[in-house]
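One structure below.
Residue numbers (full-length UniProt numbering), protein chains in the order written: chain A, 1 to 442; chain B, 1 to 434.
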């Protein structure tokens, strides 16, 4: 595959090295190279490269820039929390620290362009300069004028400079209201299954044969491909689970060629990995150490949902859950001891199909919470300050959320923000059968 | 054949191609000025006369050049200025100040820039002293002291004029127009904007001082003219190093423009937009394929470039989703169909997906809720779905209301193109009732 890239103006040896580092991305690299042209020629003012995560966007651009030794700066927009940092990095790598120190304390785009212009008139470059911005979607949240100004930077600074934007999000979601200079759009397509296999197999373990490793990757893709196409994630999973895969071979039970037996051994392990490591329930270190104990015996992060609460807080939370998930008209039926006659047809509306556990919690006023609370707590409770402070501390624990504005002191509205499993566990500790009181489960 | 001829007679082919790239790239990327502006002769004459009156006779003027993006506003102004600068009288007389609404985001910065570009006395070593108010009075004094006969005229060019109208109180615009209207130093204020309603943005007092002279650059291009423009943009100038190569190249361009399939492609682009920028994007993509091995542009190149330009980005992104994410999108599509565009949350989508799995009784896609949540969040990161209400932190993740940012047609088309799409998923997407 190597040696596909050709372009006059660049050293053939360097290009060969580039194409070695870019498996399955020769087409894109070649296209980018032909758009960039020879170093001294003008490049298009701005290029926008989009594609899925881990489809090799930054890798291709960075390898091209590094190997061909083009004057460039790579800026991550996550790091640049203010535009000043961005400007500083650009000036620093193009003109050295003297230029960067010329920037005033909180520079505007105007300052940046002025200093840039000054510097180019002093040190004109014969080559195209490239500014590569990664995660460019964050530029939208920065200064409104930053993105349009970057897109036409070549015109503004009158220098042979080109801005390359890399993003996961399509260009249509970037365009400002009044329009801007349209960049050249380039798409990096996702890797196909065969390409993933090719790339993943390249990092094989030296002590095993290539076929053995690629059959392992094949099994891994068979389990994970339907869920995940992220190359980095797959690489990580492949590295983690390989030791388990070759365990029977190392023990001498199975030969390398007996694929079916190996598959039988690894498949449940991989299925378990999807529920644990893939979701970061257990860390990869824990996962690697798990071999000694039974896999999955370890409790993941989300298993630790048990929270110790005071007695009244538990009931307050239960009351909040009931208030959130039951319609208000059913309160009388559930919580009033001698409620008289309520028609069953009236109570259960047959045409009401969507359950509240599908729609999510509804907001309720404080009065309703307290009314339900007094009804579910058997003993007499005085509405003391401690009860009210427990409500507000439940809000700070994010078990309840305040829906109305913070400044509303009388009749604030709340929502319950816990799951059914959580609240059932809580009600079990106080011997309260919550399912009996839920409208959805009647 | 042509290659050998060129080699025998003149420069080697590599050199020629290099030159072609150099010249055309300057034209497409660097927006190099054409020798003669096309299609805007009347506007050109109007603007040239106006600026000349300021430069030579000391008349104060203000004008707005209005036109959509890529319609050649800057090109028009620059070519007028280039023409003017050839006259010696204007050259030594006229001062120019260029401001851009993107860079000079408030009046203070703009004022500093003006003093810097006019090289006024209080500028020492490229640092401006004095507060905003001092600067303004200083500048106004300097302008006021002058009169029609003695002082040099100043040309103010305000690029992205509509952004200047967003400044506080529009102080800068008011002062500039005020100077232009009263008998002070002669100034010409030229604004460039792409907003047709730009006058509505101005305050009343600013609007009344503006001369209401507008130059519109609305393209009245017909398709034959468009073809002509394509040919002009691609052809090499007469003073090309290798005359023979240039002739051959130009002949190839002419045949390209007469080709049936190329014409169809260009017609499609003409129908979508007629501005220079989108044309340059297309031609730049064509040009990038020209190399020593393929020394001319073929209709196939044009077709490929056009396909790249017109590709649907959302379809491209949908192609790379995993099968689980695609299933979730189909479930969302069904929810949208049933509930007529009401927002949905993860629980509903999962419920819809579960219904599909029950019908199929196929455990292949039986994923747990957290795995589905991860896929759902990935869709949100790609902005294929968006929160219906802005505030996100207040509700639990699985109950947050979302909207799908794709339409029915896009999903169905993506499904057709999806590699190895399982048949049952396809059928599920087709069926109206989930």
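Glycine residues also receive a C-beta, built at the ideal position from the N, C-alpha and C atoms.
Return yes when the Cβ of residue j is within less than 7 Å of the Cβ of residue i, no when it is not.
i                     : j                     : result
residue 415 (chain A) : residue 430 (chain A) : no
residue 75 (chain A)  : residue 86 (chain A)  : yes
residue 162 (chain B) : residue 100 (chain B) : no
residue 215 (chain A) : residue 259 (chain A) : yes
residue 39 (chain A)  : residue 154 (chain A) : no
residue 429 (chain B) : residue 323 (chain B) : no
residue 302 (chain B) : residue 262 (chain B) : yes
residue 37 (chain B)  : residue 71 (chain B)  : no
residue 77 (chain A)  : residue 138 (chain A) : yes
residue 22 (chain A)  : residue 60 (chain A)  : yes
residue 437 (chain A) : residue 330 (chain A) : no
residue 376 (chain A) : residue 422 (chain A) : no
residue 276 (chain B) : residue 223 (chain B) : no
residue 117 (chain A) : residue 157 (chain A) : yes
residue 170 (chain A) : residue 131 (chain A) : no
residue 151 (chain A) : residue 112 (chain A) : no
residue 182 (chain B) : residue 62 (chain B)  : no
residue 135 (chain B) : residue 102 (chain B) : no
residue 408 (chain A) : residue 313 (chain A) : no
residue 63 (chain A)  : residue 90 (chain A)  : no
residue 132 (chain B) : residue 108 (chain B) : yes
residue 412 (chain A) : residue 366 (chain A) : yes
As a quick exercise: from the options, pick the residue whose alpha carbon is nearest that of residue i.
i                     : options                    : result
residue 208 (chain A) : A:194, A:217, A:256, A:173 : A:256
residue 252 (chain B) : B:234, B:240, B:269, B:323 : B:234
residue 368 (chain A) : A:320, A:22, A:48, A:72    : A:320
residue 82 (chain A)  : A:98, A:106, A:329         : A:106
residue 189 (chain A) : A:374, A:10, A:49          : A:49
residue 39 (chain B)  : B:420, B:75, B:15, B:32    : B:75
residue 305 (chain B) : A:29, A:419, A:14, A:35    : A:35
residue 90 (chain B)  : B:388, B:153, B:143, B:109 : B:153
residue 67 (chain B)  : B:149, B:132, B:359, B:274 : B:274
residue 357 (chain B) : B:310, B:424, B:415, B:291 : B:424
residue 185 (chain B) : B:200, B:60, B:239, B:56   : B:60
residue 159 (chain A) : A:123, A:419, A:62, A:134  : A:123
residue 228 (chain B) : B:250, B:57, B:18          : B:250
residue 402 (chain B) : B:376, B:413, B:115, B:31  : B:376
residue 176 (chain B) : B:194, B:200, B:143, B:204 : B:143
residue 120 (chain A) : A:94, A:136, A:104, A:199  : A:94
Can you grab the Cα-Cα spacing for the pair residue i / residue j, in whole Å?
i                     : j                     : result
residue 8 (chain A)   : residue 42 (chain B)  : 44 Å
residue 325 (chain A) : residue 378 (chain B) : 29 Å
residue 3 (chain A)   : residue 20 (chain A)  : With a pLDDT of 46 at residue 3 (chain A), under the threshold of 50, the modelled position of that residue is not reliable, and the figure given next carries that caveat. Rounded to the nearest angstrom, the two C-alpha atoms are 8 Å apart.
residue 248 (chain B) : residue 254 (chain B) : 10 Å
residue 155 (chain B) : residue 88 (chain A)  : 33 Å
residue 2 (chain B)   : residue 259 (chain B) : Residue placement at residue 2 (chain B) is poorly supported in this model, since its pLDDT is 44, which falls under 50; the coordinates are not used for a value here.
residue 281 (chain A) : residue 274 (chain A) : 10 Å
residue 4 (chain B)   : residue 186 (chain A) : Here residue 4 (chain B) scores only 43 on pLDDT, less than 50, and its place in the model should not be relied on; the value that follows carries that caveat. C-alpha separation (whole angstroms): 35 Å.
residue 17 (chain A)  : residue 33 (chain A)  : 14 Å
residue 128 (chain A) : residue 47 (chain A)  : 13 Å
residue 434 (chain B) : residue 418 (chain B) : Any reading at residue 434 (chain B) is ruled out, since the residue's pLDDT is 43, under 50, leaving its predicted position unreliable.
residue 316 (chain B) : residue 310 (chain B) : 12 Å
residue 421 (chain B) : residue 415 (chain B) : 7 Å
residue 192 (chain A) : residue 164 (chain B) : 49 Å
residue 134 (chain A) : residue 183 (chain A) : 15 Å
residue 395 (chain B) : residue 418 (chain A) : 10 Å
residue 97 (chain B)  : residue 138 (chain B) : 17 Å
residue 145 (chain B) : residue 217 (chain B) : 36 Å
**OP:** Decide yes or no for the touch test of the region 163–179 of chain B against the region 33–52 of chain B: beta carbon pairs closer than 8 Å, at least 3 of them.
**Re:** no
Original post:
If you scan the UniProt domain "ORC5 lid" (213–280) of chain A from start to end, which runs of the beta strand (DSSP E) of 3 or more residues do you find wholly inside it?
Top reply: none
Subject >> Touch test, the region 82–90 of chain B against the region 50–67 of chain B, Cβ-Cβ under 8 Å, three pairs minimum >> reply: yes
Original post:
Of all the alpha helix (DSSP H) runs that stay within the bounds of the region 264–306 of chain B, which reach a length of 4 or more residues?
Top reply: 276–287
**OP:** Enumerate, from N- to C-terminal direction, the unbroken alpha helix (DSSP H) stretches of 4 or more residues contained entirely within the UniProt domain "Orc1-like AAA ATPase" (21–164) of chain A.
**Re:** 26–36, 57–67, 83–95, 97–101, 109–122, 146–151, 153–157
Original post:
Do three or more CB pairs link the region 218–238 of chain B to the region 23–41 of chain B at distances below 8 Å?
Top reply: yes
**OP:** Entirely within the region 36–72 of chain B and at least 3 residues each: give me those beta strand (DSSP E) ranges in chain order.
**Re:** 61–66
Subject >> Segment contact, 8 Å Cβ cut-off, at least three pairs: the region 338–358 of chain B with the region 369–377 of chain B >> reply: yes
Original post:
Do the region 265–279 of chain A and the region 217–224 of chain A meet, that is, are 3 or more Cβ pairs less than 8 Å apart?
Top reply: yes
**OP:** Run through the region 146–180 of chain B for me and flag every whole beta strand (DSSP E) of 3 or more residues, listed as ranges in chain order.
**Re:** 154–159
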